[in-house]
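Numbering (the UniProt record's numbering), first residue to last: 1 to 424. Scroll down for the structure; my scribbles are underneath it.
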């Protein structure tokens, strides 16, 4: 029997109460009351922690997880009968499947490696954990099958899905706040980092490109392939751990990744606040400029003028707007964002959170951590554990302080991710 998700479903520090304007936007876009929106966020927070814990416990048997429509039930897929009771004991609903997540990701990687041969027949592809397969979107089935074959993937191992999507990167944008690139194109600030700048979308500018309002330059940029960048701003600008929600701001308190099925809200000056749900992760999107992999697919709307903007689940940073199809005035939107944790790890950046306050830049220096509360004593670092900013752990005999809230994943050991951990 399924067990309802509650805030005590798994150990770990709770996130801060959601901003009232975000609650109102969720109520508007989901057609629910504000009380129901608050309850949903509580359930989603519990689900994220449970998912991280089970991912570590199940190991190679893990095959993905997702929430149902109202986020009242977390389903976790596994490839082994022996893990079913472990899933039930955690308060989630088990589903026995054929392929583990590693197998699905490997199939998708083969398609990613063949991206140079993609045509307009294939708008994108992604891992679909709910159906335990890889979906290839197609406008022309014959062309899509040829693409899959040339990647060395068996047709029987993927599902072809007819699509009218025509994804485009939204480059003329304002998100939280506007900034300008070169001679006048606009993009939006994603999230402030303590390194003296902010993260944004890679298609907004190439490395070295100058910016104004705030003044600075692109210290790193990757597009296509990825769609991320960070801008180092000039002295005198004050960085804030906030996102513009038109009107007012939302505080950012970490970057714990939300589950498939969880609610997300995005900010953009063209369309304001809009919310939706996470549909799939690790999606590949075929833009005219080239293919971008590792994106998160959602049903929230956006329009040109929203690129690079912030995506939040409660008070947790999720990513920056990449592009998509549809509008906020009609039709069925499909929108993609670049996950923020990948950006932070790629450039060794530290997300600025409300526990660390704002910083006024002088000459940019290396990462500096927030001064939030620490645990009363060190604990040994463990996969699947949700760590709050300021938590301290021991790993291989060394002590580390958590710089931003997250759920520990394989490969995120403290020495490997300076964006998340600082040795003390």
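C-beta atoms are modelled at their ideal positions from N, C-alpha and C, and glycine is treated no differently.
If the criterion is Cβ atoms closer than 7 Å, does the pair residue i and residue j meet it?
i	j	result
residue 324	residue 340	no
residue 297	residue 313	no
residue 78	residue 259	no
residue 414	residue 395	yes
residue 140	residue 156	no
residue 180	residue 202	no
residue 479	residue 224	The structure shown has nothing for residue 479, since the chain only spans 1 to 424.
residue 263	residue 275	yes
residue 127	residue 108	yes
residue 25	residue 187	no
residue 214	residue 165	no
residue 159	residue 133	yes
residue 197	residue 230	yes
residue 101	residue 76	no
residue 307	residue 321	yes
residue 70	residue 250	no
residue 317	residue 252	yes
residue 129	residue 59	no
residue 190	residue 310	yes
residue 336	residue 295	yes
residue 423	residue 391	no
residue 119	residue 91	no
For residue i, which of helix, strand or coil comes out of DSSP?
i	result
residue 352	coil
residue 155	helix
residue 32	coil
residue 116	helix
residue 72	coil
residue 372	Since pLDDT at residue 372 reaches only 29, below the 50 mark, its modelled position is unreliable, and no value is offered.
residue 412	coil
residue 242	strand
residue 282	strand
residue 108	helix
residue 385	coil
residue 42	helix
residue 96	strand
residue 148	helix
residue 101	helix
residue 161	strand
residue 53	helix
residue 19	coil
residue 88	helix
residue 290	strand
residue 3	Only weak support exists for where residue 3 lies, its pLDDT of 26 falling under 50; the coordinates are left without a value.
residue 59	helix
residue 65	strand
residue 379	strand
residue 143	helix
Quick check on residue i: buried or exposed, where buried means 16 or more other Cβ atoms within 10 Å of its Cβ?
i	result
residue 226	buried
residue 151	buried
residue 112	buried
residue 33	exposed
residue 99	buried
residue 331	exposed
residue 355	buried
residue 382	exposed
residue 329	exposed
residue 350	buried
residue 408	buried
residue 222	buried
residue 281	buried
residue 185	exposed
residue 366	Unreliable placement is indicated for residue 366, whose pLDDT of 31 sits below 50; the coordinate value is still reported in the next sentence. With fewer than 16 Cβ atoms within 10 Å of its Cβ, residue 366 is classed as exposed.
Can you pull the DSSP bridge partners for residue i?
i	result
residue 80	None; residue 80 has no bridge partner.
residue 227	DSSP lists no partner for residue 227.
residue 178	188
residue 267	273
residue 399	394
residue 297	280, 336
residue 422	401
residue 428	Limits of the chain in this structure are 1 at one end and 424 at the other, which puts residue 428 out of reach.
residue 138	162
Just to confirm, does residue i get its C-beta within under 6 Å of one of the non-hydrogen atoms of the ligand NAP?
i	result
residue 263	Because no ligand of any kind appears in the structure shown, any question about the ligand NAP cannot be addressed here.
* Could I get the ranges of all uninterrupted beta strand (DSSP E) runs contained in the segment 299-341, with 3 residues as the minimum, in chain order? => 310-313, 316-325, 334-339
* Asked: Unbroken beta strand (DSSP E) runs of length 3 or more, entirely within the segment 190-221: which are they?
  -> 191-193, 197-200, 210-212
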